[in-house]
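Comments concern the structure below.
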Amino acid sequence: MASDKITSLEVAKRAGVSQSAVSRVFTPGASASAKTVEKVKRAAAELGYRPNRMASAMITGKSRIIGLIVAYLDNMFYPLALERLSNALQAQGYHILVFTASNAQDRVDEIVSELMDYQVDGIITASVSMSGDLTAKCAAAGIPVVMFNRGQDGVDLSAVTSANLAGGRKVADFMAGAGYRTIAHISGWQGSSTGRDRQRGFVERLAELGQPTPQIIDGKYDRDTASAAAVTLMQSDTPPDAIFVGNDHMAFAVMDTLRGELGLRVPQDVAIVGYDDVPTAAWAAYDLTTVRQPVNQMVEATVDLLIANIADPHAPVRRVEIDGPLIVRGSAPQTQRTTP
17 MASDKITSLE VAKRAGVSQS AVSRVFTPGA SASAKTVEKV KRAAAELGYR PNRMASAMIT
77 GKSRIIGLIV AYLDNMFYPL ALERLSNALQ AQGYHILVFT ASNAQDRVDE IVSELMDYQV
137 DGIITASVSM SGDLTAKCAA AGIPVVMFNR GQDGVDLSAV TSANLAGGRK VADFMAGAGY
197 RTIAHISGWQ GSSTGRDRQR GFVERLAELG QPTPQIIDGK YDRDTASAAA VTLMQSDTPP
257 DAIFVGNDHM AFAVMDTLRG ELGLRVPQDV AIVGYDDVPT AAWAAYDLTT VRQPVNQMVE
317 ATVDLLIANI ADPHAPVRRV EIDGPLIVRG SAPQTQRTTP
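In C-alpha cells:
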C-alpha cells in the first residue's frame, strides 16, 4: 500500500492499541509506555506509515514549527547561530522554517504574516525589526516572538543580544590603553540597535578617557560600503592608526582593502578591531582582534524565552543582554606597533 494512504487507525489495529495511543506516540512530549511505543513504531514501520504533521497541527493547534527570519546570511555569524538555534529547538521537539528578508519593513511584515498562515508555534527574528501593528497581530494570534541579536524600542517583544554598549566601551578602553591616538570607527548600520549601541559605547568611553571624537562612517553591515569607508579614512588628512569595525564581516573587507588596494600593513600602519568573533577571525590570514558574541549563551536564552512564552502566552517580556570578552589577536596587539 502507498504510505500516504496508511492511517493511524490501521497502525492502531496492527499494533493492537487505540488510535489515541498512536497519536500519543507520535506527539512530542506526550506520554506513552515504552511497550506501547515499541509496538506502535514497529507497526508503523511495517505499514510504511508517516504521521501527518499538518493534520495534527489542525487538531491540536500546535505545529511544532518555529519560524525564523534572518536579514542576511553572508555574515558568518548568522549561519553559525542558525545551526545552533536549529539544534537547540530540535532538542525541544521543534523544527524551524527559515525565511530571509531585508530590513525593509514591508517585506518583514509580509513574511511574518506568511509564517502566521503556516500556524507556527513561535517566531524568532534575527537582526530584523517588526512593526507595532504586526507585533499586536502576533500577540492576538497567540504566537510569541523573540528578537535575536537585535533590540527594538516601541514594541512589546522579548529580545536577546550581546552587551553591545559594554562591548563598544571595551574596544575604547583597549585602543586607548594600547596607545592608539588617531582612532576611527566604521560602524554597523545605524538603523539597527546593535550598530547604534556599539558606536555609542565606543564614542562615550573614548570621551570619558579624554580621547578626541573618532571619525565615523556607517558601514551598513555591507562589505563594499565598509571597503569604501576604509579608503576614505586612510586618504583623509588625518588617517587613523586604529579602526574599530562594527562586525567581523566588514572587518575582513577592511583588512583586505587596506592590504590589497592601499598597500598598508595591519597592524603596523593601522590596527583593526572587529565584533562577533566568527571562526574566520582566528585564521592566520586575519588574526582579528574582536569582541566575542557569546552565541551559545545567546541561543540558549532565546530558546528558553520562546519555549516559556509558548507554554505561557502571558509570560512577561524580557530583554536579555549577555556580556562577551574582547579577544586580542595580531590585527590589534596589546601595545601599538610602530615598526618601520
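Numbering-wise (my numbering), the sequence shown opens with residue 17 and increments by one.
Each residue gets a CB set at the ideal place from its N, CA and C atoms; glycine is no exception.
No experiment lies behind these values; they were computed from the predicted model shown.
Item                                                                                                                                                                                  : Value
What residue from V53, D125, H330 has the CA that sits closest to S145's CA?                                                                                                          : D125
What is the DSSP secondary structure of F42, reduced to helix, strand or coil?                                                                                                        : coil
What are the partner residues of R345, as DSSP defines its beta bridges?                                                                                                              : In the DSSP output, where bridge partners are listed per residue, R345 has none listed.
Give the DSSP-derived three-state secondary structure of S178 in the structure shown.                                                                                                 : strand
Opposite I22 in the DSSP bridges: which residues?                                                                                                                                     : Answer is none; I22 lacks a bridge partner.
Express the C-alpha separation of I139 and L322 in angstroms, rounding to a whole number.                                                                                             : 8 Å
Give every residue of the same chain whose Cβ lies closer than 6 Å to the Cβ of P329, excluding the five residues on either side of it in the sequence, and list them in chain order. : G158
My guess is that G207 and R214 are in contact by the Cβ rule of under 8 Å, so how many angstroms apart are they, rounded?                                                             : About 13 Å separates the two Cβ atoms, so there is no contact after all.
Whose CA, out of A298, D257, R212, M271, lies closest to the CA of T351?                                                                                                              : D257
Using three-state DSSP, classify V261 as helix, strand or coil.                                                                                                                       : strand
What are the partner residues of Q231, as DSSP defines its beta bridges?                                                                                                              : A200
Quick one: what does DSSP say V336 is sitting in, helix, strand or coil?                                                                                                              : strand
Among residues of its own chain, excluding the 5 on either side of S243, which ones have a beta-carbon nearer than 6 Å to its beta-carbon?                                            : A269, T273
Rounded to the nearest angstrom, how far is the Cβ of L249 from that of R216, given a contact under 8 Å?                                                                              : 20 Å between Cβ atoms; not a contact.
Here's the rule: buried if 16 or more other CB atoms are within 10 angstroms of the residue's CB, otherwise exposed. What is A298?                                                    : exposed
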